[in-house]
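In the UniProt record's numbering, the protein residues as written are 1 to 330. Yeah, the Cβ is synthetic: ideal placement off N, Cα and C, and Gly gets one too.
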Amino acid sequence: MGQPVSMVEQWRGGRLECRHVGHAVIVDAKGGIVESWGDPGAVIYPRSSCKMLQALPMVESGIADHAGLTTEQLALSCASHRGAEIHTARVGRWLADLGLGESALRCGSHWPGDIPERDRLIIAGETPCQIHNNCSGKHAGFLTFTKHLRAGPEYVDADHPIQRAIRQAFEEVTGEESPGYGIDGCSAPNFATSVLGLGRAMARYAGAEGGDARSDAMVRLREAMMKHPELVAGEGEADTELMRAAAGKAAIKGGADGVHIAILPEHGLGIALKIMDGSDKAREAAIASLLVRLGVIEAGHPAVIRRLQPEMRNWRGLVTGGLRISPEFQ
Numbered sequence: 001m002g003q004p005v006s007m008v009e010q011w012r013g014g015r016l017e018c019r020h021v022g023h024a025v026i027v028d029a030k031g032g033i034v035e036s037w038g039d040p041g042a043v044i045y046p047r048s049s050c051k052m053l054q055a056l057p058m059v060e061s062g063i064a065d066h067a068g069l070t071t072e073q074l075a076l077s078c079a080s081h082r083g084a085e086i087h088t089a090r091v092g093r094w095l096a097d098l099g100l101g102e103s104a105l106r107c108g109s110h111w112p113g114d115i116p117e118r119d120r121l122i123i124a125g126e127t128p129c130q131i132h133n134n135c136s137g138k139h140a141g142f143l144t145f146t147k148h149l150r151a152g153p154e155y156v157d158a159d160h161p162i163q164r165a166i167r168q169a170f171e172e173v174t175g176e177e178s179p180g181y182g183i184d185g186c187s188a189p190n191f192a193t194s195v196l197g198l199g200r201a202m203a204r205y206a207g208a209e210g211g212d213a214r215s216d217a218m219v220r221l222r223e224a225m226m227k228h229p230e231l232v233a234g235e236g237e238a239d240t241e242l243m244r245a246a247a248g249k250a251a252i253k254g255g256a257d258g259v260h261i262a263i264l265p266e267h268g269l270g271i272a273l274k275i276m277d278g279s280d281k282a283r284e285a286a287i288a289s290l291l292v293r294l295g296v297i298e299a300g301h302p303a304v305i306r307r308l309q310p311e312m313r314n315w316r317g318l319v320t321g322g323l324r325i326s327p328e329f330q
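So this is what it looks like as structure tokens:
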């Protein structure tokens, strides 16, 4: 296994304070490596960056159409949302349309990232429910799939029919047999693959033009993400801001512990990267840098500047340092 390379540096007082190393790859629609850093063969958990792969069987099977899912619901099935009202209201209605309640979810609950919703809960003396979970849209998709198949309620079990369908699609699109899975924060299996396999999958989404069930499904999912960036993440989040900045040129999705992907339909390219220390600010800086490198977003766009952070300020507003892209990653 090759060694990770330095991708993002944090400087303070004129000295290098932190170095974030990782692996990254840019893949074309034929599965060929356009450019890579570190080891493309490094095996990782994609975490939430692969939600469009987890939604794929539901769409390509025709179940999404049978259920009458909208582009908003397809975007939510790929989302790691902030639990704002625009997210929770839509997921709640989705569950109601299925004839189900919040208790049918298996994702668990956590406090929403959305500050107004968090404040509302605190003032009302309420606690968050599973609909506030950032993965509740994905799980509503799982429940849509489950209801159609009349399968058991424990849809996050690895041997459940929908998880078997997801694993099959995952391996076919990544072009690799997964060596196994870990349990994600939302309790669903997260199938491992290489950085290259993840990039290859994103390139296939980028190159999809329709014409068959799988290609049609890939087009619909990527287009739904780009049409509704506010549902995929939320206000202030990197995925939402970078997709808005890309203006229909990229579907972008981060995952926990340092993973980020991008689907570039106009370029026919897929991007996958992994920051080995799991830093969110480093993965966001790295994906922003690659999007600028490929001409998808202008370097001076505010969404890029916020991620690359040429200036970092403390609580008094004093400049203390900044983030830089490492020379090895330029």
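- Taking a contact as a CB-CB distance under 8 Å, the pair His110 and His132 counts as one, their CB atoms being some 7 Å apart.
- Here Asn190 is buried. Its C-beta has 16 or more other C-beta atoms within 10 Å.
- The distance from the Cβ of Arg307 to that of Ala238 is about 6 Å, consistent with a contact at the 8 Å cut-off.
- Taking C-alpha positions only, His160 is separated from His139 by approximately 14 Å.
- Looking only at Arg204, Arg316, Val156, Gly182, the smallest Cα-Cα distance to Gly270 is reached by Arg204.
- Take Ala208, set aside five residues on each side of it, and the residues of its chain with a beta-carbon closer than 7 Å to its own are Ser215, Met218, Val219, in chain order.
- Distance from Arg82 to Gly113 at the Cβ level is roughly 4 Å; contact confirmed, criterion being Cβ atoms closer than 8 Å.
- When only Cα atoms are considered, Ser194 and Arg19 end up about 23 Å apart.
- In the three-state reduction of the DSSP assignment, Pro310 falls in the coil class, being assigned neither a helical nor a strand state.
- In the DSSP annotation of this structure, the continuous segment of the alpha helix (DSSP H) that includes Glu172 starts and ends at 161 to 174.
- Sequence-distant Cβ neighbours of Glu284 in its own chain, meaning closer than 6 Å and more than five residues away, are Ala238, Arg307.
- In the three-state reduction of the DSSP assignment, Tyr181 falls in the strand class.
- Sixteen is the threshold: when 16 or more other Cβ atoms of the shown chains lie within 10 Å of the Cβ of Leu273, as they do, the residue is buried.
- If you draw a straight line from the Cα of Ala213 to the Cα of Ser61, it is about 7 Å long.
- When the five nearest sequence neighbours on each side are left out, the beta carbons in the same chain lying within less than 6 Å of the beta carbon of Leu198 are those of Pro46, Ala272, in order along the chain.
- Residue pairing by DSSP places Val319 opposite Arg313 in a beta bridge.
- Take Cys107, set aside five residues on each side of it, and the residues of its chain with a beta-carbon closer than 7 Å to its own are Gln130, Asn133, Cys135, Ser136, His139, Cys186, Ser187, in chain order.
- If you draw a straight line from the Cα of Pro265 to the Cα of Leu291, it is about 13 Å long.
- If you look at Gly278, you'll find it isn't in any beta strand (DSSP E); DSSP assigns it neither H nor E.
- Between Ala250 and Val304, the C-beta gap is not smaller than 7 Å, which leaves the two residues out of contact.
- In this chain, Trp11 is not harboured by any alpha helix (DSSP H); it is covered by the beta strand (DSSP E) spanning 5 to 12.
- The alpha-carbon separation between Cys50 and Lys253 amounts to approximately 8 Å.
- In this structure Pro310 is exposed. Its beta-carbon is surrounded by fewer than 16 other beta-carbon atoms within 10 angstroms.
- Thr240 is a Cβ neighbour of Gly234, given a cutoff of 7 Å.
- If you check the CB distance, Gly268 and Ala206 come in under 7 Å.
- Here the C-alpha atom of Val21 lies approximately 16 Å from the C-alpha atom of Ala288.
- For Arg118, the closest of Cys78, Glu171, Ala84, Leu100 by C-alpha to C-alpha distance is Ala84.
- With respect to Glu35, Ile26 sits close: the two C-beta atoms are nearer than 7 Å.
- Secondary structure of Val296 (DSSP, three-state): coil.
- Rounded to the nearest whole angstrom, the CA to CA distance from Asp39 to Pro57 is 29 Å.
- Comparing alpha carbon positions, the residue from Thr127, Ser326, Ser178 closest to Gly41 is Ser178.
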